[in-house]
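Heads up, the thing below is written out as structure tokens.
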Amino acid sequence: MEQEYVLDWFDQMVSNLDPENTDVAKLDLHQSQFIIEKAADEKKRLTSYLKLFRFQGNKKRHVRSVVNQYLKAILVLTQCAASRVKRVPDESPHFKSALECVLSSLMGLCTFMIDRYWSDIDPDIGLEAHYLSTRMPELYKLEDCLILRDDPLLSSVLIKEFNAIFYNKTRPEITLRSVSYWKSITELLGKCQNGDDRESGFSKLEVMLIERNFNSPNFVTYLESKFICQLKQADSQSEKLHQLAFLQKSFNQIPFFKEAIYDLRYDDLRLTVNNWFIYEIEYQSKNTVFNKRVDTSNSNKLSRKTSDKILCNLTVDQLALLFKAADQSQIIVSRSLSAIFETVAPYLATRHRVDISSNSLRVKSYTVEDRDKQLLLTYINRLRQHIEEL
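All you need for the numbering used here is the position in the sequence shown, starting with 1, plus 157.
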């Protein structure tokens, strides 16, 4: 496939049949008929060529590379031919028929490649809807299913997102990633019978979308609004903090398929929502500290000075990871990890944080970043070397 340009004839036809650079009246019936017959022959030849390509002993990576290369070339030629057909005057039927036949053959090749090499095509190539007609997810057929009826607010968010992709005339191209994602969602919706899941604090529809890494900004906004509404029911700042910790723990206990990401333009859903939890808990913690200071402004209690604290060169994230590992390995034994954080937090400071709250340490322990793991392991190796030298 790499030794010859198999689209050469189609490329020449699209280039030559340009109504702006060619005298369209000069193309007679005989020439038009020749192009029409040749286009049909070229389509058959290329279809056979592409069918045999997979069985020529090529490696899968090479097959994918070449398939995507030629699909992109066909799409470019198709778009070019389609735009030129629109500019052919009606007074030139022979020219128009020839160009329309070339366009039809290219579209047929494109449809064939999509059907034949679906799993090999770059999932982020934009395709027009008519190429995907046989594979389009049919979410609208499930609008009356129980799981959607039980969650009308989220259902409206989901359907709105679906329509924005598949029925938006201003967004004519659809990616295979979107088609595959929505087909999986549609299949899961069809299998679910019950939409209620009170024990986890999330509906089954919410759990399904969280599991499938549905990182749409609209869904993130929906979740944040849901959490804020639940916080408003708390009677005090401490209750809000406990509620936030419970919500975050419940959210993180839901299975999460990171690779099934909905939109590559945005961060993973779990990362985005956990960042919101971190900022919200820090905000509520500051409010709690402020309220305590107001309540004890006339008392004789003295706060511990910064100079009395242990300055640590680790970040809060790394400290949380260190204590979590020490607790799980039972190097440090306490009634709970939270108890460890409550005990050590008042005595610790970092280069960037004079005051470290136990809530902050607890929250950071829920989400562990790979970078913090690597840095902490580097520090532990350095510590091991010093111990060996003692």
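Built from N, CA and C at the ideal position, the CB exists for glycine as well.
Given the structure is predicted, the values throughout are model-derived calculations rather than measurements.
Boundaries of the alpha helix (DSSP H) in which residue i is found, first to last residue
{"i": "T378", "result": "374-388"}
{"i": "Q410", "result": "Q410 -> no alpha helix (DSSP H), and no H or E assigned at all."}
{"i": "Q485", "result": "473-485"}
{"i": "C302", "result": "That residue, C302, is in no alpha helix (DSSP H); it is neither H nor E in DSSP."}
{"i": "W166", "result": "165-173"}
{"i": "I367", "result": "361-368"}
{"i": "R273", "result": "250-273"}
{"i": "T524", "result": "Counting along the chain, T524 falls outside any alpha helix (DSSP H), and DSSP gives it neither H nor E."}
{"i": "N225", "result": "217-242"}
{"i": "K317", "result": "309-323"}
Cβ separation of residue i and residue j, assumed to be a contact under 8 Å, to the nearest whole Å
{"i": "V181", "j": "S249", "result": "4 Å"}
{"i": "D420", "j": "N372", "result": "6 Å"}
{"i": "Y274", "j": "V314", "result": "So it is not a contact: roughly 34 Å between Cβ atoms."}
{"i": "F480", "j": "I467", "result": "With 8 Å as the limit, F480 and I467 do not qualify as a contact, their Cβ atoms being about 13 Å apart."}
{"i": "L303", "j": "H251", "result": "Actually they do not touch by this definition, with Cβ atoms about 59 Å apart."}
{"i": "I192", "j": "C258", "result": "7 Å"}
{"i": "N470", "j": "R508", "result": "7 Å"}
{"i": "T524", "j": "N431", "result": "5 Å"}
{"i": "L260", "j": "A239", "result": "6 Å"}
{"i": "V520", "j": "F434", "result": "7 Å"}
{"i": "V377", "j": "T429", "result": "6 Å"}
{"i": "I331", "j": "A286", "result": "6 Å"}
{"i": "S514", "j": "A502", "result": "6 Å"}
{"i": "D281", "j": "R334", "result": "6 Å"}
{"i": "D529", "j": "D474", "result": "5 Å"}
{"i": "L203", "j": "V245", "result": "Not confirmed; about 24 Å, so no contact."}
{"i": "D279", "j": "N225", "result": "5 Å"}
Residues that residue i bridges to, as DSSP identifies them
{"i": "I467", "result": "L505"}
{"i": "T332", "result": "G283"}
Pairwise C-alpha distance: residue j and residue i
{"i": "H543", "j": "Y436", "result": "37 Å"}
{"i": "L305", "j": "M365", "result": "12 Å"}
{"i": "A391", "j": "Q400", "result": "8 Å"}
{"i": "Q485", "j": "S522", "result": "12 Å"}
{"i": "I488", "j": "L476", "result": "15 Å"}
{"i": "D452", "j": "S442", "result": "Residue confidence is low: D452 scores 47 on pLDDT, short of 50, so the model does not pin down where it sits. No coordinate-derived value is stated."}
{"i": "E363", "j": "L310", "result": "11 Å"}
{"i": "K462", "j": "A506", "result": "Bear in mind that the predicted position of K462 carries a pLDDT of just 47, short of 50, making it unreliable; the figure below should be weighed with that in mind. If I take the Cα positions, the gap works out to 11 Å."}
{"i": "K201", "j": "Y227", "result": "16 Å"}
{"i": "V233", "j": "G283", "result": "11 Å"}
{"i": "L209", "j": "L478", "result": "54 Å"}
{"i": "V490", "j": "F359", "result": "33 Å"}
{"i": "K383", "j": "I411", "result": "17 Å"}
{"i": "L404", "j": "I367", "result": "14 Å"}
{"i": "Y288", "j": "A230", "result": "15 Å"}
{"i": "W339", "j": "F319", "result": "8 Å"}
{"i": "I271", "j": "R369", "result": "25 Å"}
{"i": "C386", "j": "K397", "result": "11 Å"}
{"i": "S337", "j": "L345", "result": "12 Å"}
{"i": "D527", "j": "D175", "result": "55 Å"}
{"i": "A196", "j": "S262", "result": "6 Å"}
{"i": "M264", "j": "F167", "result": "12 Å"}
{"i": "S393", "j": "Y504", "result": "26 Å"}
{"i": "H187", "j": "S254", "result": "12 Å"}
{"i": "V242", "j": "Q190", "result": "17 Å"}
{"i": "R218", "j": "C349", "result": "37 Å"}
{"i": "L533", "j": "Y423", "result": "28 Å"}
{"i": "Q236", "j": "V220", "result": "24 Å"}
{"i": "S341", "j": "R427", "result": "19 Å"}
{"i": "K361", "j": "R292", "result": "26 Å"}
{"i": "E545", "j": "R539", "result": "10 Å"}
{"i": "N325", "j": "S395", "result": "46 Å"}
Cβ-heavy atom distance, residue i to the ligand HEM, below 8 Å
{"i": "V377", "result": "The ligand HEM is not part of this structure, which contains no ligands at all."}
List, from N- to C-terminal side, the beta strand (DSSP E) runs of 3 residues or more that fit wholly inside the segment 176-215. none
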